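Before any comments, here is the structure.
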Amino acid sequence: MLIREEVEFRRVDELREHPLNRMLNSPLGSMEAALLENSIDEMGIQDPLWVTGENVIISGHERWKIAARKGMENVPVRVIESATEEELLYLLVMANDARRGDEKDPMRKARKIKVLYDYWGITVGRPKSGQNDHNRKTRRDVANLVGEGERTARRLLRLLDLIPELQELVSRGVIGVVAGNELAALSEKEQRQLSEAITRSNVKEVRSQEIQAIRSELEYLRERRSQQVDQREEQLDLLDVGEDVVEGMENWEEDVPDGGQRDGLPEEDGEWHTELEKDIPKTAIDAVAPTLEASSARNLRRRLLIKKLDKAEKLIERLEQDLLPFFDNLTDAVVRERVHDVARKLIRVSERLDGVVSRR
Numbered sequence: 001m002l003i004r005e006e007v008e009f010r011r012v013d014e015l016r017e018h019p020l021n022r023m024l025n026s027p028l029g030s031m032e033a034a035l036l037e038n039s040i041d042e043m044g045i046q047d048p049l050w051v052t053g054e055n056v057i058i059s060g061h062e063r064w065k066i067a068a069r070k071g072m073e074n075v076p077v078r079v080i081e082s083a084t085e086e087e088l089l090y091l092l093v094m095a096n097d098a099r100r101g102d103e104k105d106p107m108r109k110a111r112k113i114k115v116l117y118d119y120w121g122i123t124v125g126r127p128k129s130g131q132n133d134h135n136r137k138t139r140r141d142v143a144n145l146v147g148e149g150e151r152t153a154r155r156l157l158r159l160l161d162l163i164p165e166l167q168e169l170v171s172r173g174v175i176g177v178v179a180g181n182e183l184a185a186l187s188e189k190e191q192r193q194l195s196e197a198i199t200r201s202n203v204k205e206v207r208s209q210e211i212q213a214i215r216s217e218l219e220y221l222r223e224r225r226s227q228q229v230d231q232r233e234e235q236l237d238l239l240d241v242g243e244d245v246v247e248g249m250e251n252w253e254e255d256v257p258d259g260g261q262r263d264g265l266p267e268e269d270g271e272w273h274t275e276l277e278k279d280i281p282k283t284a285i286d287a288v289a290p291t292l293e294a295s296s297a298r299n300l301r302r303r304l305l306i307k308k309l310d311k312a313e314k315l316i317e318r319l320e321q322d323l324l325p326f327f328d329n330l331t332d333a334v335v336r337e338r339v340h341d342v343a344r345k346l347i348r349v350s351e352r353l354d355g356v357v358s359r360r
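Be aware that the sequence shown starts at 1, since it is given in my numbering, and climbs by one per residue.
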């Protein structure tokens with residue numbers, strides 16, 4: 001790969017954006033874009049764009065857009081020669097990161113990590129023999145380049161296993177990195193069903209605990225269906241039924257949507273909220289539950305509520321450990337009042353729980 005030292009001028013209307021630029025790089029913020037435009041107004045384009053021999057822009061997309069908007073005919077460029085597509089992607093990441101600073105979009109950051117892994121031959125799993133030699137880049141080097149720890153970088157990479165629709169929700173901030181990792185463990189079919197349900201219900205935020213509950217229930221349903229297929233096959237073997245009938249039974253199983261209603265199963269239960277849950281805003285659980293069997297819809301809430309109770313129990317235990325050693329020395333009136341205030345809040349929660357449980 002060679003980047004020519006000499007600067008040439010090329011027509012603005014002959015240049016074109018790299019097809020992966022928007023997938024890898026976020027546009028400049030309004031303030032940065034305004035500063036760049038003011039600089040071009042005052043001094044012109046000082047830093048030449050980097051382009052290929054085929055006029056594909058590698059670095060300088062924002063300068064090119066400003067030049068086109070202002071009606072400039074030509075822009076200064078430096079031409080990249082003898083570069084592979086892998087090398088061009090590397091420059092597309094590194095040159096633009098140097099100018100734009102920290103990337104905020106998790107999906108774009110994940111794609112950058114993948115480009116750097118591919119360029120330096122870094123594997124996702126355990127390092128191969130010799131991979132940590134001083135002359136080679138490591139996963140830690142990549143994580144540092146994108147401004148993340150190694151663990152976060154691994155989580156970001158797993159987001160690339162999401163279908164495009166879910167990746168878009170991650171970019172928009174509806175799905176976080178941890179929740180995205182939970183979703184990435186599901187099949188493409190399950191991801192698509194969840195994506196459609198979340199989008200249709202206009203869920204504003206998908207929490208990782210919700211996705212953990214949904215994933216657990218889907219895994220349970222998947223295992224149950226697998227056992228049902230195995231049982232039917234065993235019964236057919238005992239009856240010595242032909243292979244064509246067995247194949248027909250398997251196709252019937254595949255044609256039924258995951259979580260769909262089967263004959264003999266209860267219809268969807270529209271009243272699966274408890275009194276404690278009526279005040280909870282629309283969530284991923286609300287969006288997904290109607291697509292499942294009634295019993296599974298209830299299980300989703302149960303799984304999520306148990307996780308929240310486990311978390312509350314740990315918080316109470318920590319509170320007890322932190323405060324009890326000081327209770328014998330509570331002589332300050334202000335501190336005593338704060339302690340009583342916390343205690344009253346705990347009592348109110350306890351009474352509300354007791355009241356609901358007693359009516360069940």
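Just so you know, even glycine gets a beta-carbon here, dropped at the ideal spot from N, CA and C. From a predicted model like this one, the values you see are computed outputs, not experimental measurements.
| Asked | Found |
| --- | --- |
| Which listed residue (L156, R344, D332 and E217) has its alpha carbon closest to that of R371 | Only positions 1 to 360 of the chain appear in the structure, and residue 371 is not among them; the question remains open. |
| Bounding residues of the beta strand (DSSP E) (the contiguous stretch that carries P164) | From DSSP, P164 is part of no beta strand (DSSP E) but of the alpha helix (DSSP H) over P164 to S171. |
| Presumed contact (8 Å Cβ cut-off) between A287 and A197, rounded CB distance | 4 Å |
| Rounded C-alpha distance that separates E14 from E219 | 53 Å |
| Top-ranked residue by Cα proximity to A343, from I316, L353, D332 and V357 | I316 |
| Closest Cα partner of G291 within the set I214, V115 and V349 | Here residue 291 is Thr; the residue named in the question, Gly, does not match the sequence. It is I214 whose Cα lies nearest to the Cα of T291. |
| Start and end residues, beta strand (DSSP E) containing T52 | L49 to T52 |
| Spatial distance of M23 from A83 (CA atoms) | 20 Å |
| The segment 143-150 in contact with the segment 158-166 per 3-pair CB rule at 8 Å | no |
| Proximity of S26 and E86 at Cβ, strictly below 8 Å | no |
| Simplified DSSP assignment, three categories, for N361 | This structure cannot settle anything about residue 361, because the visible part of the chain is limited to 1 through 360. |
| Residues bridged to F327 [DSSP beta-bridge criterion] | DSSP lists no partner for F327. |
| Integer-rounded CB distance, given that P106 should sit under 8 Å from V12 | Actually they are not in contact, since the Cβ atoms of V12 and P106 sit about 33 Å apart, beyond 8 Å. |
| Beta-ladder partner(s) of S59, from DSSP | W50 |
| Which of helix, strand or coil DSSP assigns to I387 | With the chain covering only 1 through 360, there is no way to say anything about residue 387. |
| Residues near N21 in its chain [Cβ-Cβ closer than 7 Å; skip 5 each side] | H61 and L92 |
| Status (buried if at least 16 other CB within 10 Å, exposed otherwise) for E293 | buried |
| Coarse secondary structure for L292, derived from DSSP in three states | coil |
| Limits of the unbroken alpha helix (DSSP H) element including E103 | Premise fails: E103 is in no alpha helix (DSSP H) and is neither H nor E. |
| Which listed residue (W50, E81 and L89) has its alpha carbon closest to that of V75 | W50 |
| Status (buried if at least 16 other CB within 10 Å, exposed otherwise) for G376 | For the chain, the structure presents residues 1 to 360; residue 376 sits outside this window and is missing. |
| Contact under 8 Å by Cβ, A153 with I113 | yes |
| Range covered by the alpha helix (DSSP H) that runs through E32 | S30 to M43 |
| Beta-carbon proximity list for R108, same chain, < 8 Å, skipping 5 on both sides | M23, L24, N25, S26 and S171 |
| Nearest residue (CA-CA) to N181, options R155, S201 and Q193 | R155 |
| Euclidean distance between Cα positions of L88 and R136 | 19 Å |
| Rounded straight-line distance, which links the Cα of Y119 to that of E320 | 52 Å |
| Where L2 sits in the DSSP three-state scheme | strand |
| Candidates Q193, L304, S59 and L169: closest to I3 by CA position | S59 |
| Endpoints, the beta strand (DSSP E) within which E196 is located | Segment E188 to R200 is the alpha helix (DSSP H) holding E196; no beta strand (DSSP E) there. |
| Straight-line gap, V356 to I306 (C-alpha atoms, nearest Å) | 16 Å |
| Length of the line joining the Cα atoms of G121 and R10 | 35 Å |
| Through-space distance from E223 to Q231, alpha-carbon basis | 12 Å |
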